[in-house]
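Undergrad: Residues 1 to 566 in UniProt numbering are what the sequence shown spells out, letter by letter.
Take a look at this one; I'll ask things after.
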Amino acid sequence: MSSNTKTDAQRLPPPEPAEATQNRFRVILAFWAVIIFLGFPIWWKTTSIYRARLPFQEMVDWADGKTCRPVFPLEIQLATSSMPIADAQHLLRTTQHTLDDLNEFSAHHLRLKLLDDGTSKPEINGDKTEGSTSAAGEKADTALTVRLLPQDDLAAPKSELHPDTTQLDVFYPPSQIPVPSSSNSPLSSFIAEELQRLFSEEKATIAQILSDNNGPGNNVAMSSNHQQAAVLNSISPQLAESISRRLRRSMKYADTYHLAFSLFTPGSEPSSWDIEAAIQEYMSPLLQAFAPISNFTVDTQVQLYAAFSPTAPLPEYDESQAAWTLKKEDLSAFINAAEWPLSPSIGNGPTINFILYVPDPSQSPLVVRENKATSWIIPQWGGVFLLNPPLSTENPSNPSHLSEESLRSAFLTFSHQLLTLLGTPTTPASLPLRLQTLIRIRAATLLLSASSTMGSLARLTESLPSIPIPATVAASVSTTLSHLASACTHLREGRFAAALASARVAEAEAERSFFEKSMVGQVYFPDEHKVAVYLPLLGPIGVPLIVGLLKEIKRIVAGLKAKKAH
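So this is what it looks like as structure tokens:
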């Protein structure tokens, strides 16, 4: 029994027929041919990531401030119809030299241009004479018109700024007209100092914005940072605090804002208001003035039985003021966000809320304890106005309807709050001048923001080679860079409204390219996830194919060695 077993163990299997060996080889070869020439190309084509070509270096140069240095040459027109042309030109020259000597911020400078009976004269900027029209034939924006008016009974010059226009009247004694032989005069110094004072807040704000956007290697603001540091150090602490506070309270720039006017009352009255007439009378002119900067949509609502939040401190009666009062530190809890229907965002743009609160007659009048104010601003959110209707023993309840006249004080306050929330400077007194300043500030902000977004997109796509770059992103980047260059050119040539329009397009396209959905989704699908998906599918198929291929290679090598041995 044991001898038969040993004999069977030593017996070798019969040799495999050559035809079977060739068939097995053909089968394995066919499988691998399908994998290599059909399966692998299909897999490569269907799983490859399309990455459109982006101008990475140009994008980084914009972010680092190597491509554009924002400058703000403000054109000031001098109307000197009452002055001989030679004296007017000499006054222009001496005033320009005085302005250049006073200016420590090369990115923001005033250029004087002489007007005489509506005819433009060449402007004089230091020792350089330039035209007021660019090579493309587009005229620079006029920031201010200074009208020189002689007045015999004056001992020294004085000025008067028109609150509704961009015109400054300068009254001067005729004896102070500078003679051709003089290099300066009291009138030139007065005009230069007035112009410096009018644009001091704008200059400091732009210096602050450029300073905030100066990172390592970023020289976008100016050739040397000591200039903007000198500007920031030269302004008064009050102005510096005002600028810093305004920047903190203002909303982030948006192409469109949604204004929501809400009437809240804890009782059943008032239940209606002349809101359309009030908006048309007090808000529409302001919104039209903002048209070059942003667009607005308006919504209104009335909410009855709007109670305070249960966690908010209730008003307390102050006998010294004969009024119900709210503490200043409790104003942040005044809005009952849980129960009051205040949507944080309606539509594409951010919402600015304006709350008109009419207190219950039992808690009226209602004021802020510390300053007896009836209104306040909630930074980057909106404003609140406490409307205390007049009460009497004959009529101890709130009116059922608020007329346009009764809404006047509230909507005048809302208009001022809107200016603050949109980042409008507090000086000068002329609203058109302040809006022009806001145009330049917004143009600078959007230019820097879009440039920074381009740099972030370039660094993101270079650091993550696995994310796709669709053709739409490349198109948006191209549009962004084109409008950035256009905005920079418009700024340099003093066309600030056109610069803002280009910067708005650049910012929108930059945001669209950076937040492309397909790119954002791929960031959260790294290569480790791909391995985890493919391995369970390819393992059972790949192992037999690889083992079979290795056996065939081993058999062929053994056959070749056997032939060499014989």
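We put the CB at the ideal spot given by N, CA and C, even for glycine.
It should be emphasised that the depicted structure is a prediction, and the values quoted were computed from it without experimental measurement.
So, with DSSP's three-state summary, where would you put L149?
TA: Note: L149 maps to strand in three-state DSSP.
Undergrad: What is the DSSP secondary structure of E404, reduced to helix, strand or coil?
TA: Of the three classes helix, strand and coil, the one that applies to E404 here is coil, per DSSP.
Undergrad: Identify whether A136 lies in helix, strand or coil by the three-state DSSP scheme.
TA: Residue placement at A136 is poorly supported in this model, since its pLDDT is 46, which falls under 50; the coordinates still yield a value, given next. Of the three classes helix, strand and coil, the one that applies to A136 here is coil, per DSSP.
Undergrad: Looking at the secondary structure, which residues open and close the alpha helix (DSSP H) in which A487 lies?
TA: 471-492 is the extent of the alpha helix (DSSP H) around A487.
Undergrad: If I measure Cβ to Cβ from S82 and keep anything under 8 Å in the same chain, skipping five residues before and after, which residues do I get?
TA: Excluding sequence neighbours, S82 sits near L148, L149, P150.
Undergrad: Look up residue 572 in the DSSP assignment and say whether it is helix, strand or coil.
TA: With the chain represented from 1 up to 566, any question about residue 572 goes unanswered, as that position is not in the structure.
Undergrad: Determine the burial state of E339: buried for a count of at least 16 other Cβ atoms within 10 Å of its Cβ, exposed for fewer.
TA: Looking at its Cβ environment, which holds fewer than 16 other Cβ atoms inside 10 Å, E339 is exposed.
Undergrad: Can you list, in chain order, the stretches of the alpha helix (DSSP H) that have 4 or more residues and sit fully within the stretch 31-91?
TA: If we require 4 residues or more, the alpha helix (DSSP H) runs fully inside the stretch 31-91 come out as 40-47, 56-63.
Undergrad: For A510, does the three-state DSSP call read helix, strand or coil?
TA: Helix.
Undergrad: Using the rule of at least 16 other Cβ atoms within 10 Å of the residue's Cβ for burial, across every protein chain shown, is S364 buried or exposed?
TA: Result: buried.
Undergrad: So, does the stretch 386-404 touch the stretch 159-175, judging by three or more C-beta pairs under 8 Å?
TA: Contact between the stretch 386-404 and the stretch 159-175 is absent, because fewer than three Cβ pairs lie under 8 Å.
Undergrad: Terminal residues of the continuous alpha helix (DSSP H) containing L446?
TA: 431-463 is the span of the alpha helix (DSSP H), which, as asked, contains L446.
Undergrad: Answer with buried or exposed for A33, where buried requires no fewer than 16 other C-beta atoms within 10 angstroms of its C-beta.
TA: Burial call: exposed.
Undergrad: State the Cα-Cα distance for the pair V298 and R504, rounded to the nearest angstrom.
TA: If I take the Cα positions, the gap works out to 22 Å.
Undergrad: Does the contact criterion of 3 or more C-beta pairs under 8 Å hold for the stretch 69-76 versus the stretch 460-467?
TA: In short, these stretches do not touch, since the Cβ pair count stays below three.
Undergrad: Assuming V367 and T325 form a contact by the criterion Cβ under 8 Å, report the distance between their Cβ atoms to the nearest whole angstrom.
TA: At roughly 6 Å, the Cβ-Cβ gap stays under 8 Å, so V367 and T325 are in contact.
Undergrad: State whether the stretch 433-450 contacts the stretch 18-30, with contact taken as three or more CB pairs (one from each stretch) at a distance under 8 Å.
TA: Touching, no.
Undergrad: Quick test of your reading: A474 and R53, contact by CB under 8 Å. State the CB separation rounded to the nearest angstrom.
TA: So it is a contact: roughly 7 Å between Cβ atoms.
Undergrad: Can you say whether I85 is buried or exposed, counting buried as having 16 or more other CB atoms within 10 angstroms of its CB?
TA: By the 10 Å Cβ count, I85 comes out exposed.
Undergrad: Counting C-beta neighbours from all protein chains within 10 Å, is the total for A323 16 or more, i.e. buried, or is it exposed?
TA: Counting Cβ neighbours within 10 Å, A323 comes out buried, since at least 16 surround it.
Undergrad: Once DSSP output is grouped into helix, strand and coil, what is the label at V27?
TA: Of the three classes helix, strand and coil, the one that applies to V27 here is helix, per DSSP.
Undergrad: Specify the secondary structure class of D255 as computed by DSSP and reduced to three states.
TA: D255 falls in the coil class under three-state DSSP.
Undergrad: If you drop the 5 nearest sequence neighbours on each side, which residues of the same chain put their C-beta closer than 6 Å to that of L331?
TA: Result list for L331: W376, in chain order.
Undergrad: Exposed or buried, which one is G382 when buried takes at least 16 other CB atoms within 10 Å?
TA: Classification of G382: buried, given that the 10 Å Cβ count is 16 or more.
Undergrad: Just to confirm before moving on: does the CB-CB distance between M454 and W44 stay below 8 Å?
TA: It is not a contact, given that the beta carbons lie outside the stated cut-off.
Undergrad: Report yes if the CB atom of S188 is closer than 8 Å to the CB atom of T95, and no otherwise.
TA: Cβ distance < 8 Å, so S188 and T95 count as in contact.
Undergrad: Determine which residues share a DSSP beta bridge with Y172 and list them.
TA: The partner list for Y172 (beta bridge, DSSP) reads P150.
Undergrad: Can you pull the DSSP bridge partners for S159?
TA: Its beta-bridge partners are V170.
Undergrad: Give the range of the alpha helix (DSSP H) segment to which residue 578 is assigned.
TA: Outside the shown range of the chain (1 to 566) lies residue 578, about which nothing can therefore be said.
Undergrad: Have a look at A307, A532, Q301, R111 and flag the residue whose alpha-carbon is nearest the alpha-carbon of F354.
TA: Of A307, A532, Q301, R111, the residue nearest in Cα terms is Q301.
Undergrad: Alpha carbon to alpha carbon, how far is A450 from L195?
TA: When rounded, the distance between both Cα atoms is 31 Å.
Undergrad: I'd like to confirm the pairing. Which residues does DSSP put opposite R111 in its beta bridges?
TA: Note: R111 sits in a beta bridge opposite E75.
Undergrad: If I measure Cβ to Cβ from A156 and keep anything under 6 Å in the same chain, skipping five residues before and after, which residues do I get?
TA: So the list is empty, once near-sequence residues are dropped.
Undergrad: Is the stretch 424-438 in contact with the stretch 475-488, if contact means three or more CB pairs nearer than 8 Å?
TA: With a cut-off of 8 Å, the stretch 475-488 and the stretch 424-438 do not count as touching, because too few Cβ pairs lie within range.
Undergrad: Based on the DSSP output, what are the partners of A260 in its beta bridges?
TA: BP columns for A260 point to D299, N353.
Undergrad: Using three-state DSSP, classify G383 as helix, strand or coil.
TA: G383 falls in the strand class under three-state DSSP.
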